[in-house]
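Sequential numbering from 3 applies to the sequence shown in our numbering. Just so it is clear, CB atoms sit at the ideal spot from N, CA and C, and this is done for glycine as well.
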Amino acid sequence: MAPVAKISPVSFSFHWLSNRGVTAPLGFTAGSARGAIKTEGDDVALVLASQGTTAAAVFTTNQVKAAPVLVSAENLAKGKARAIIVNAGNANCCTGSRGLEGAR
Numbered sequence: 003m004a005p006v007a008k009i010s011p012v013s014f015s016f017h018w019l020s021n022r023g024v025t026a027p028l029g030f031t032a033g034s035a036r037g038a039i040k041t042e043g044d045d046v047a048l049v050l051a052s053q054g055t056t057a058a059a060v061f062t063t064n065q066v067k068a069a070p071v072l073v074s075a076e077n078l079a080k081g082k083a084r085a086i087i088v089n090a091g092n093a094n095c096c097t098g099s100r101g102l103e104g105a106r
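Set out below in structure tokens:
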């Protein structure tokens, strides 16, 4: 099994959006960073609310679910959410307990 990457949040240098686009509602900010998932360019995005807010999501009904999907569903079931993190180019699904540990 391939190793699960551990990336410290400190290693990210976010480029915060200055236009209102996705962050048009007051209290939201968004940015992107290079997480080295793809060979070049930013590949991780963060949308952050200034405080916990009501959230909703639609998850796959597939019996095989990647660890981040399982963890996201667990977190959403706890109530309010404050952020979403989106990555690009990563489709590792069958990572078992190591994948869950990395997603948490």
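### Query
Taking Cβ positions, are Leu-78 and Leu-102 nearer each other than 8 angstroms?
Against the sequence shown, residue 78 aligns to sequence position 76. Against the sequence shown, residue 102 aligns to sequence position 100. It is not a contact, given that the beta carbons lie outside the stated cut-off.
### Query
Considering only C-alpha positions, which residue in the set Glu-76, Ala-105, Thr-55 is nearest to Arg-84?
Here residue 84 is taken as the residue at index 82 of the sequence shown, counted from 1. It is Thr-55 whose Cα lies nearest to the Cα of Arg-84.
### Query
Where Lys-80 and Ile-87 are concerned, what is the direct C-alpha to C-alpha distance, given to the nearest angstrom?
Counted from its first residue, the sequence shown places residue 80 at position 78. Counted from its first residue, the sequence shown places residue 87 at position 85. Whole-angstrom Cα-Cα distance: 17 angstroms.
### Query
Touch check for the region 27 to 34 and the region 56 to 72: three-plus C-beta pairs under 8 angstroms?
no
### Query
Pro-70: buried (16+ other C-beta within 10 angstroms of its C-beta) or exposed?
Within the sequence shown, numbered from 1, the residue matching residue 70 stands at position 68. Classification for Pro-70: buried.
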